[in-house]
Structures are given as C-alpha cells and as structure tokens.
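Visitor:
2 protein chains.
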Amino acid sequence: MNINEMQVCTIPINAALDVISGKWSYYVIAQLCHESQRFNQLRRNLGDISIKSLTDTLRQLEKMDVVHRKVYPTVPVSVEYSLTRKGKEYGAILSQMRLWGEKWGAVVPDDEEEAMG
Amino acid sequence: MNINEMQVCTIPINAALDVISGKWSYYVIAQLCHESQRFNQLRRNLGDISIKSLTDTLRQLEKMDVVHRKVYPTVPVSVEYSLTRKGKEYGAILSQMRLWGEKWGAVVPDDEEEAMG
DNA sequence: CAGGATCCAGCAAGATACTG
DNA sequence: CAGTATCTTGCTGGATCCTG
Numbered sequence: 366m367n368i369n370e371m372q373v374c375t376i377p378i379n380a381a382l383d384v385i386s387g388k389w390s391y392y393v394i395a396q397l398c399h400e401s402q403r404f405n406q407l408r409r410n411l412g413d414i415s416i417k418s419l420t421d422t423l424r425q426l427e428k429m430d431v432v433h434r435k436v437y438p439t440v441p442v443s444v445e446y447s448l449t450r451k452g453k454e455y456g457a458i459l460s461q462m463r464l465w466g467e468k469w470g471a472v473v474p475d476d477e478e479e480a481m482g
Numbered sequence: 366m367n368i369n370e371m372q373v374c375t376i377p378i379n380a381a382l383d384v385i386s387g388k389w390s391y392y393v394i395a396q397l398c399h400e401s402q403r404f405n406q407l408r409r410n411l412g413d414i415s416i417k418s419l420t421d422t423l424r425q426l427e428k429m430d431v432v433h434r435k436v437y438p439t440v441p442v443s444v445e446y447s448l449t450r451k452g453k454e455y456g457a458i459l460s461q462m463r464l465w466g467e468k469w470g471a472v473v474p475d476d477e478e479e480a481m482g
C-alpha cells in the first residue's frame, strides 16, 4: 500500500468508522440486528442508556441510513427502529471484528514479534 | 443471532473497537501499515497532530500490542514504530470497512428499504 | 409512548513550555 | 530526536424537566 492508496482508502473507511464512533452505536446496531424494536423497548434492552444518548445515537444512524425509523400513527404513537440494508451489511465489518477479537483479544507477549521484524 | 450470542460477540468486538476508538488511531495505523516510521516522521506525515495526541495514541496502541516500539541507542536516540502481527492482521477489518464504505459511503434514498421491510 | 430542550460534568484532545 | 508535564478547551454523553 503506497501513500496515495492510503488517501483513497481513508474516505470510505472514515464512512465506516463514523457509524460506530458513538459510545452506544455498536450496542444499538447489535440490538437491531437481533430484532426491530421500539424506542423504550430498545432503551430497556440497553440497560443504562439515557434518553438523550439513545435519541442522539438513533438520529445519527438514521442520517447515515443505517437505521430506519418507522412511525405507527397509533395513540399514543409507536415508533419502530430497524436496520436498513446498509445497516445489515455493516455486519460484515462486525464479523471481521469478532474474528480478530477472538484471535487477538487477549494481550500476548511480544517476543515472537521481535523475531519476525 | 439471539441475545446470548450478542453478549458473547460483544467482548471480542469491543476489543477490536478499542483499537480505533481514538481520533488518530486509524491514521497512525494506516501510516505504519505503509511503512515503519520514527516519531517525528510519523508526526510530519500526520499533518496537524499534536505531540501529546501522537504519544497518547502510540502508547495506547502499544499497550494493546498493535504497535511495536523499538529504541535505537543512537545520539540522540531514535525510536521506530511498526505494526505487530496483531496490528497487521487488523488490516482485515480495515479492508472490510473499505469495501463497505466504497459501496455505501454515499447516502442513498431510503425508498428501496421501505419495500424490503 | 417517544421524544425535545436545557444545563452540566468528565474526558479526550490541543497548546505551551520544558527535558534527557 | 523523542518525548514529559501542565494547563486549557471542546465536545460527548448524562441528568433533569417538559411536551405532543
């Protein structure tokens, strides 16, 4: 990889990084990956997230078309959040993270690294 | 994916997320992916990063065994930073991010999403 | 039920000055 | 050259109160 290639990579990679930049982004995506959920349902499942943090996270993910917001005009209204196709395909990144994390999650001594240069 | 699987996933995925959680983490890794570099060399290539931000980022990546720090006892000393094997294999995640970013980076209208549910 | 608005704390990150 | 130490700032995220 040369320096020019790197600059080219940066734009799409930053787009991917933006998605999980928020503290709760990953947890929200993981929840919606499990199943579509309504606001308070999501909130309960996420444990100690504040209302503001959840709405902020959802709005941001919505703007990126990772999460879809559907309003049902009941009384009172109910809102269902789900992953878009774009959001579902983000799973490929999370899978790769999982693989890496399972292999390297625990810190290993650096001895072998020295040898391989 | 059920809820229990998700909990299991969370640990390794968080390990992967920690690596690029810092503002400059990705850029440092990208630079070192390009080639091993010394401190000020890295700093110049990163443009407007502060000394503190760079040292903080490097220390953190070092603690995670993603980056290796090698000191050459010259006068004055020179220090070379490089990716460990763990760090190099992080490239698989970045590649996946690149693929996703190239496909979905631009925001697309949500019409099709509606239809597919 | 699903938020909007406002205020505030805490931490990441930048600026600056100094050092082996 | 490669940092450390200290101070300051800006932004994220949480707490609280209020609303259609």
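In order, the protein sequence lines correspond to chains A and B.
Under our numbering, think of the first position of the first sequence as 366, with each following residue one higher.
Under our numbering, think of the first position of the second sequence as 366, with each following residue one higher.
Quick reminder that beta carbons are idealized off the backbone N, C-alpha and C, glycines included.
1. Put residue 435 of chain A into one of helix, strand or coil per three-state DSSP.
2. Would you kindly work out how many angstroms separate the C-alpha atoms of residue 462 of chain A and residue 443 of chain A, rounded to a whole number?
3. In this structure, does DSSP put residue 390 of chain A in helix, strand or coil?
4. Could you check whether the Cβ of residue 367 of chain A sits closer than 8 Å to any Cβ belonging to chain B?
5. Hey, is residue 467 of chain B's beta-carbon within less than 8 Å of any beta-carbon in chain A?
6. I'd like to check one pair, residue 420 of chain A with residue 349 of chain A: are the Cβ atoms closer than 8 Å?
7. Please decide whether residue 454 of chain A counts as near chain B, where near means a Cβ-Cβ distance under 8 Å.
8. Spell out whether any CB of chain A is found under 8 Å from the CB atom of residue 478 of chain B.
9. Using the three-state DSSP reduction, which class does residue 448 of chain A fall into: helix, strand or coil?
10. Interface residues of chain B around residue 385 of chain A at Cβ under 7 Å?
11. Quick one: Cα of residue 451 of chain B to Cα of residue 427 of chain B, how far?
12. Interface residues of chain B around residue 377 of chain A at Cβ under 9 Å?
13. Against chain B, which members of the region 388-399 of chain A pass a CB distance test of less than 9 Å?
Guide: This is what the structure holds:
1. Here the question's residue 435 of chain A lines up with position 70 in the first sequence. In the structure shown, residue 435 of chain A sits in a strand (DSSP, three-state: E or B).
2. As a position in the first sequence, residue 462 of chain A is number 97, starting the count at 1. As a position in the first sequence, residue 443 of chain A is number 78, starting the count at 1. Cα-Cα distance, rounded: 34 Å.
3. Taking the first residue of the first sequence as position 1, residue 390 of chain A is located at position 25. Three-state DSSP puts residue 390 of chain A in a helix.
4. For the purposes of this step, residue 367 of chain A is taken as the residue at position 2 of the first sequence. Because residue 367 of chain A carries a pLDDT of 46, less than 50, the predicted location of this residue cannot be relied on, and no value is offered for it.
5. Within the second sequence, numbered from 1, the residue matching residue 467 of chain B stands at position 102. For residue 467 of chain B, the answer is yes, since a Cβ of chain A falls inside 8 Å of its Cβ.
6. In this structure chain A extends from 366 to 482, so residue 349 of chain A is not present and cannot be described.
7. Indexing the first sequence from 1 puts residue 454 of chain A at position 89. Taking Cβ atoms only, chain B reaches closer than 8 Å to residue 454 of chain A, which makes this a yes.
8. Position 113 of the second sequence, counted from the start, is the residue given in the question as residue 478 of chain B. Here residue 478 of chain B scores only 44 on pLDDT, less than 50, and its place in the model should not be relied on; the value that follows carries that caveat. Judged by the 8 Å Cβ criterion, residue 478 of chain B is in contact with chain A.
9. For the purposes of this step, residue 448 of chain A is taken as the residue at position 83 of the first sequence. Correct three-state label for residue 448 of chain A: strand.
10. As a working mapping, residue 385 of chain A is identified with position 20 in the first sequence. Under the 7 Å cutoff, chain B gives 382.
11. Walking along the second sequence from the start, residue 451 of chain B turns up at place 86. Walking along the second sequence from the start, residue 427 of chain B turns up at place 62. Cα to Cα, residue 451 of chain B sits roughly 11 Å from residue 427 of chain B.
12. Position 12 of the first sequence, counted from the first residue, corresponds to residue 377 of chain A. Result: 462, 463, 464, 465, 466, 467, 468, 469, 470.
13. Listed in sequence order: 391, 392, 395, 396, 398, 399.
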